[in-house]
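For reference, the structure discussed in these notes is given below.
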Amino acid sequence: GAGVSQSPSNKVTEKGKDVELRCDPISGHTALYWYRQRLGQGLEFLIYFQGNSAPDKSGLPSDRFSAERTGESVSTLTIQRTQQEDSAVYLCASSFPPGPPYNEQFFGPGTRLTVL
Amino acid sequence: TQLLEQSPQFLSIQEGENLTVYCNSSSVFSSLQWYRQEPGEGPVLLVTVVTGGEVKKLKRLTFQFGDARKDSSLHITAAQPGDTGLYLCAGLNAGNNRKLIWGLGTSLAVNP
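Residue numbers (our numbering), protein chains in the order written: chain A, 12 to 127; chain B, 95 to 206.
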C-alpha cells in the first residue's frame, strides 16, 4: 500500500495483560514515530527511530512501554502489564530523512486501545 | 520546555461563516505545519510554512507564518461541514530537526 498501516485497528484487553501494536511505514521512509492521543487531546510523543541510530525514547511514559524497529521497516510498540490509563489511540507516523526546515510526517489510522 | 498554544480549543460555527485558528509560541521554529484529523483517522498534513511572513492558500484555507517564526494562523473562509475536524499545528525546532512540537489542537464543528 501507499500509506502507513497499523494493526490492529482496535484492541480491547484486560488490565495487566501485555499488548503489541504494529506499524508498517511508507516504503523508503527512514524515520518512524509513535504517538499517543487521549480522547479529544493532541499528540503525545513516545519514541522516534531514524535509520540505524539509537532510538529517541524520551517520550516513553514508563518502563512498561518499549518499541522495536526492524531496519527501516516494521515497528512494534509493546505495552506490558497494561493499566486503564493506557487507554488511548496509538498513532504511528513515518517521514523522509529529516532535514531542516521540513519534517513532514505521514500518519497511519491508529490503533484504539481499550484497557478494561 | 517548548510549547505551542492553540486557540480556541473548541469552535462551533454555522456553514458559511469565517474563522481563524491561532498557534502561538515563545520559541522560534524553522518551519511550522498544519494538520487536520478526522474522527477515527490519523492527522493529514495540510501545509508547511517555512519563511517568516509567508502566506499559503489552499482553496478556502489561508495559512500565515509570523514574521518572527513564532506563531501561525489558519483562516477558513465560508466554512463547510466537510471542514469539521481537529486542526493541529506542529513546529520544527531549528535546533532539533528530529521531533515536531505539537499543539493540543482546535476542534472545529461546522453545522449545516
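Just so you know, even glycine gets a beta-carbon here, dropped at the ideal spot from N, CA and C.
Supposed close pair residue i, residue j - CB separation, criterion 8 Å
i              : j              : result
residue 22(A)  : residue 124(A) : 5 Å
residue 137(B) : residue 202(B) : Not confirmed; about 14 Å, so no contact.
residue 116(A) : residue 194(B) : 7 Å
Neighbour-count burial assignment, residue i, 16 or more Cβ in a 10 Å radius
i              : result
residue 82(A)  : exposed
residue 97(A)  : buried
residue 127(A) : exposed
residue 112(B) : exposed
residue 147(B) : exposed
residue 171(B) : exposed
residue 97(B)  : exposed
residue 104(B) : exposed
residue 184(B) : buried
residue 154(B) : exposed
residue 130(B) : buried
residue 145(B) : exposed
residue 102(A) : buried
residue 152(B) : exposed
residue 119(A) : buried
Interface partners of residue i on chain B, CB under 7 Å
i              : result
residue 115(A) : 127, 139, 142
residue 102(A) : 136
Contacts around residue i, its chain only, beta-carbon distance under 7 Å, and the 5 residues preceding and following it disregarded
i              : result
residue 79(A)  : 86, 87
residue 143(B) : 125, 126, 150, 157, 159, 166
residue 204(B) : 107, 109, 173, 174, 175, 177, 178
residue 94(A)  : 26, 126
residue 71(A)  : 57, 58
Contacts of residue i in chain A (Cβ-Cβ under 9 Å)
i              : result
residue 199(B) : 51, 52, 53, 54
Proximal residues to residue i (C-beta, below 6 Å), its chain only, five neighbours per side dropped
i              : result
residue 116(B) : 101, 167
residue 36(A)  : 15, 43, 105
residue 49(A)  : 99
residue 99(B)  : 118
Cross-chain neighbours of residue i in chain B, by beta carbon under 8 Å
i              : result
residue 72(A)  : Simply none; closest approach about 16 Å.
residue 120(A) : 134, 135, 136
Beta-carbon proximity list for residue i, same chain, < 8 Å, skipping 5 on both sides
i             : result
residue 24(A) : 30, 93, 124, 125, 126, 127
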